[in-house]
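Residue numbers (this note's numbering), protein chains in the order written: chain A, 339 to 706; chain B, 339 to 706.
Cβ atoms here follow ideal geometry from the backbone N, Cα and C, with glycine treated the same way.
Given the structure is predicted, the values throughout are model-derived calculations rather than measurements.
Below is one structure, written out as structure tokens, with a few remarks after it.
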């Protein structure tokens with residue numbers, strides 16, 4: 339199905355993307371500003387994954403860096419388009435489609451801005467079905483799609499194109515460049531054919547974001563529970579209801595890292611650990627959920643998603659866990675995004691508290 | 339004058355380059371190994387600056403990183419050629435000449451290896467007339483030649499091409515990438531026309547290195563003083579004769595930084611401060627010479643140049659100061675390579691102890 343994304347979709351999209359962004363992906367308000375500005379120049383066509391021609395040239399466009407910095411450094415449209423332009427020159431053939439690398443406040447709307455500015459269609463899909471902090475952490479990596487050539491650019495006009503031996507090296511080099519360039523750059527890469535995109539992306543992400551975002555607002559208007567509405571659409575469960583009593587946060591090596599404690603009734607409390615995104619939720623010392631499943635924080639009454647950089651003392655919040663795309667639970671995927679990768683000595687806990695055993699790659703379809 | 343560089347020139351060249359390299363530029367022994375290996379495949383034509391056609395496409399090829407790391411990580415010929423190849427693709431036109439960015443043990447011989455492997459002529463010239471630690475510190479920067487597009491590559495096969503807003507930003511981004519990639523990468527950039535090369539390079543560098551290197555060996559054979567022979571060719575003066583009694587050295591942010599103390603007769607001692615290259619020489623608290631003039635250390639008896647990473651307790655050494663290319667004493671140049679840039683709160687002291695006042699850019703010819 340091909341449809342048109344207009345300014346009316348943006349609020350819902352940005353809100354829903356911030357929910358699925360599990361605390362990362364940047365401020366949805368800033369993402370919405372940027373997309374609205376881009377759509378003022380014309381609507382953007384959104385095509386379903388099944389409509390993308392086999393020989394399409396699909397590119398991810400995203401912002402790389404610490405969300406704590408992104409909120410103070412809104413990119414211009416020129417900056418959004420620059421890495422795609424640089425990569426087009428490098429690839430020597432025209433780009434046909436733009437796709438989102440992840441869902442998240444800024445990284446679901448920057449591709450809209452890029453598509454609008456470039457006059458290209460956007461695919462209703464993304465590379466994760468959530469947000470993750472490092473650029474190799476997309477399902478296409480599991481399918482053998484290379485991140486490089488990857489272009490990056492900053493607001494000053496500096497640009498680079500990397501060609502690396504694997505996607506982890508793209509992340510390493512782009513990350514140090516990103517930190518040197520001010521902790522926030524625009525990137526474009528993971529060029530893939532329509533066939534590769536169909537195999538590896540999460541289908542329907544943009545529609546899903548809009549649906550979730552609109553359901554939260556709809557519930558508010560109908561005086562029903564917005565959090566419950568979100569939980570239902572996420573097929574998730576509510577882990578905790580309480581008040582933020584402590585937030586430790588540092589922007590180090592290009593990431594917003596930290597932990598938050600939320601106290602509930604009686605003596606119970608939940609601790610969330612994050613690196614841009616929430617990675618581990620522990621209640622009274624017991625692990626309730628971990629990456630790759632989704633852990634997210636919604637404002638208790640309004641259901642408004644709260645990003646990790648926006649967590650503040652005193653907020654009344656509800657913590658939700660929800661299932662990730664099942665392909666994130668393959669053994670290969672868990673090695674890339676499981677708790678162990680981030681330094682937590684624990685197995686991956688699914689949103690329902692069971693242990694993820696890391697099934698074979700066959701569950702990732704034709705994974706490479 | 340066009341001549342042919344052969345394996346017989348290499349020892350003299352590497353030795354002389356290590357003299358002019360003022361302690362930096364890497365181990366001349368390693369540089370000589372690499373050049374000999376490359377020349378086994380065929381000699382390299384060396385052309386004078388005045389013979390380079392106006393419309394030539396000249397590239398610098400160099401190793402970037404800490405000399406302390408370079409000595410443990412000898413590049414392969416494939417690695418030497420890779421950034422030139424990547425840049426040729428990026429520029430979309432054939433490279434016609436290779437030039438040295440600086441003189442120094444490794445960076446005078448790597449371009450020979452690149453020229454041999456690519457079958458291109460090498461220009462008898464370089465971008466500094468000495469060695470400096472950061473990549474923007476070449477005379478072409480003063481003439482408006484841009485470092486970017488600049489390609490870098492490592493031994494693993496990772497490559498990048500940067501396009502930056504100025505040469506200082508090329509240095510900043512390439513430096514962090516270099517550190518992440520293991521503190522030593524091959525780079526190529528500063529593409530310039532023959533006209534630009536003639537305006538901005540230091541003419542006759544390779545010949546001068548060979549002359550100095552051969553004079554040192556010749557003096558040894560004739561039982562005359564090799565150090566005096568070098569001093570005469572450098573138009574310099576001997577600052578100090580003594581024994582190395584203390585060396586502090588750390589490899590930080592991609593550089594070999596440190597200081598060495600050398601004790602002489604009586605209570606006199608000289609302190610050398612370096613960042614890859616020697617930058618400041620102080621005797622008994624009095625500044626004798628600073629960057630941009632040349633400060634170099636030769637083994638007391640043999641006249642063998644000693645790089646900063648090879649300085650050791652107990653070595654008998656003689657410290658020499660010599661004039662830099664006069665263009666390094668313009669106000670614009672001193673802002674880029676004077677003591678103040680490196681954090682020393684002192685004016686530039688010329689090799690003869692007088693103060694450099696930083697004359698106008700007109701002394702740099704048609705400097706931009």
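Paired residues, beta bridge with residue i - DSSP
| i | result |
| --- | --- |
| residue 576(B) | 658(B) |
| residue 632(A) | 660(A) |
| residue 339(A) | Paired residue(s): none; residue 339(A) is not in a bridge. |
| residue 621(B) | 608(B), 624(B) |
| residue 399(B) | 438(B), 526(B) |
| residue 687(B) | 693(B) |
| residue 385(B) | 461(B) |
| residue 668(B) | 697(B) |
| residue 643(A) | 636(A) |
| residue 616(B) | 612(B) |
Interface flag, residue i vs chain A, CB-CB below 8 Å
| i | result |
| --- | --- |
| residue 404(B) | no |
| residue 515(B) | yes |
| residue 600(B) | no |
| residue 507(B) | yes |
| residue 701(B) | With a pLDDT of only 44 at residue 701(B), under 50, the local geometry of the prediction cannot be trusted, and the value read off the model is given with reservation. No - not a single Cβ of chain A is within 8 Å of the one on residue 701(B). |
| residue 690(B) | no |
C-beta contact flag for residue i and residue j at 8 Å
| i | j | result |
| --- | --- | --- |
| residue 530(B) | residue 396(B) | yes |
| residue 443(A) | residue 356(A) | yes |
| residue 385(B) | residue 492(B) | no |
| residue 676(B) | residue 686(B) | yes |
| residue 599(B) | residue 611(B) | no |
| residue 719(B) | residue 473(B) | Outside the modelled stretch of chain B, which goes from 339 to 706, sits residue 719(B), for which no answer is possible. |
| residue 643(B) | residue 634(B) | yes |
| residue 503(B) | residue 495(A) | yes |
| residue 554(A) | residue 564(A) | yes |
| residue 487(A) | residue 362(A) | no |
| residue 310(B) | residue 360(B) | Here chain B covers residues 339 to 706 and nothing more, so residue 310(B) does not appear. |
| residue 424(A) | residue 489(A) | yes |
| residue 477(B) | residue 539(B) | yes |
| residue 468(A) | residue 577(A) | no |
| residue 373(B) | residue 398(B) | no |
| residue 707(B) | residue 580(B) | Because residue 707(B) is not part of the residues shown, which for chain B are 339 to 706, the question remains open. |
| residue 659(A) | residue 632(A) | yes |
| residue 608(B) | residue 657(B) | yes |
| residue 545(A) | residue 422(A) | no |
| residue 454(A) | residue 380(A) | yes |
| residue 450(A) | residue 517(A) | no |
| residue 404(A) | residue 522(A) | yes |
| residue 479(B) | residue 505(B) | yes |
| residue 402(A) | residue 674(A) | no |
Test: residue i CB closer than 8 Å to a CB of chain B
| i | result |
| --- | --- |
| residue 511(A) | yes |
| residue 705(A) | Any answer about residue 705(A) is weak, because its pLDDT of 40 lies below 50 and its placement is not dependable; what the coordinates show is given next. Cβ-Cβ to chain B under 8 Å: no for residue 705(A). |
| residue 471(A) | no |
Residue-level contact to chain E via CB, residue i, 8 Å cutoff
| i | result |
| --- | --- |
| residue 632(B) | Although the question refers to chain E, the structure presented lacks it and instead comprises the protein chains A and B. |
The ligand ATP heavy atom lying under 7 Å from the CB of residue i
| i | result |
| --- | --- |
| residue 613(A) | This structure simply doesn't include the ligand ATP, nor any ligand for that matter. |
> When Cβ atoms are compared, which residues of the segment 517–531 of chain A fall closer than 8 Å to chain B?
Replying inline: So the list reads 517, 518, 519, given in the order they occur along the chain.
> Using Cβ-Cβ distances below 7 Å, what residues of the segment 479–505 of chain A are close to chain B?
Replying inline: Contact residues of the segment 479–505 of chain A toward chain B are 494, 495, 496, 497, 498, 499, 500, 501, 502, 503 (C-beta to C-beta distance below 7 Å).
>> Report the start-end ranges of each beta strand (DSSP E) in the segment 535–610 of chain B that is 3 residues or longer and not cut off at the edges.
In response: Those beta strand (DSSP E) runs which fall completely within the segment 535–610 of chain B and span 3+ residues are 575–590, 593–601.
> What residue ranges within the segment 444–528 of chain B form continuous alpha helix (DSSP H) runs of no fewer than 4 residues, ordered along the chain?
Replying inline: Look at the segment 444–528 of chain B and you find these whole runs of alpha helix (DSSP H), each 4 residues long or longer: 448–456, 477–480, 505–518.
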